[in-house]
Amino acid sequence: ETGVTQTPRHLVMGMTNKKSLKCEQHLGHNAMYWYKQSAKKPLELMFVYSLEERVENNSVPSRFSPECPNSSHLFLHLHTLQPEDSALYLCASSQVRGDFNSPLHFGNGTRLTVT
Amino acid sequence: AQKVTQAQTEISVVEKEDVTLDCVYETRDTTYYLFWYKQPPSGELVFLIRRNSFDEQNEISGRYSWNFQKSTSSFNFTITASQVVDSAVYFCALSESGDSNYQLIWGAGTKLIIKP
């Protein structure tokens, strides 16, 4: 398998549920990202991990909790979400060397609906 | 302030027509990168091109071409002889060197519909 793979593709959860989104990259990249894409809004960067360390956290509510156990895997743990959290969640990876960052490679996303 | 503007929310053309997607950016940096990504209905954003601020040469890749004009802060994307498979949302993005290496400033996207 190649590229960036996200599971599940679709997720419906209630506000009291706990679920996790999974992302796996097979590109040998050393940085991974979570983005949120809502209708009629620009893409929002949520978290960045570089070499398994979190380097960006863009004021994301604590009900979203990322985990990066190794450079190939990234999780987004979800709990007590709100209906406004319904969106497409995209995972991406890139190769970072010093100041140089390769273009992002994205997964197909997880379409999340919070009821 | 950093900003990327894609003024065209949606464009609809008939197959084989040429179409240009506009992107205007704002930055105070002299060193920056500009990107175009394509998002087909499947959801995955696909990288199309990256251009650095020191390279104003226009680029052509098959039916795709990009026109980078620093004088007008624009990085427009043209599809020649459009095809139905070109239907997607196209995003322009900006990255500044020296700022957070991981931050991309994204435009709102232009939805392109190619009718058969």
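Chain order of the listed sequences is W and G. The working numbering numbers the first residue of the first sequence as 1 and each following residue consecutively. The working numbering numbers the first residue of the second sequence as 116 and each following residue consecutively. The C-beta atom is built at its ideal place from N, Cα and C for all residues, glycine as well. On a predicted model such as this, the values are computed, not experimentally measured, just so you know.
Report task. Please name the residues in the stretch 135 to 149 of chain G whose beta-carbon is closer than 7 Å to at least one beta-carbon of chain W, in chain order. Result -> none
**Report entry** Residue-level contact to chain W via CB, W221/G, 9 Å cutoff
**Finding:** yes
**Report entry** Given M15/W as reference, the closest of H26/W, E52/W, D85/W and C91/W once Cα atoms are compared
**Finding:** D85/W
**Report entry** 9 Å Cβ cutoff, Y217/G in contact with chain W
**Finding:** yes
Query raised in the report: Straight-line CA distance for Y49/W to S72/W?
Result: 11 Å
Requested in this report: Express the C-alpha separation of A122/G and T135/G in angstroms, rounding to a whole number.
Outcome: 12 Å
Query - Within-9 Å CB hit, Y152/G to chain W - result: yes
Requested in this report: Label V199/G either buried or exposed according to how many other C-beta atoms from any shown protein chain fall within 10 Å of its C-beta, with 16 as the threshold for buried.
Outcome: exposed
**Report entry** Member of Y179/G, K230/G, P156/G and Y147/G whose CA lies at the smallest distance from the CA of N191/G
**Finding:** Y179/G
Query raised in the report: Thinking just about the alpha-carbon of each residue, which of T145/G, C138/G, T124/G and W151/G is nearest to the one in P103/W?
Result: W151/G
Query raised in the report: Applying a beta-carbon distance threshold of less than 8 Å, which residues of chain A neighbour R165/G?
Result: Given the protein chain composition of this structure (W and G), no chain A is represented.
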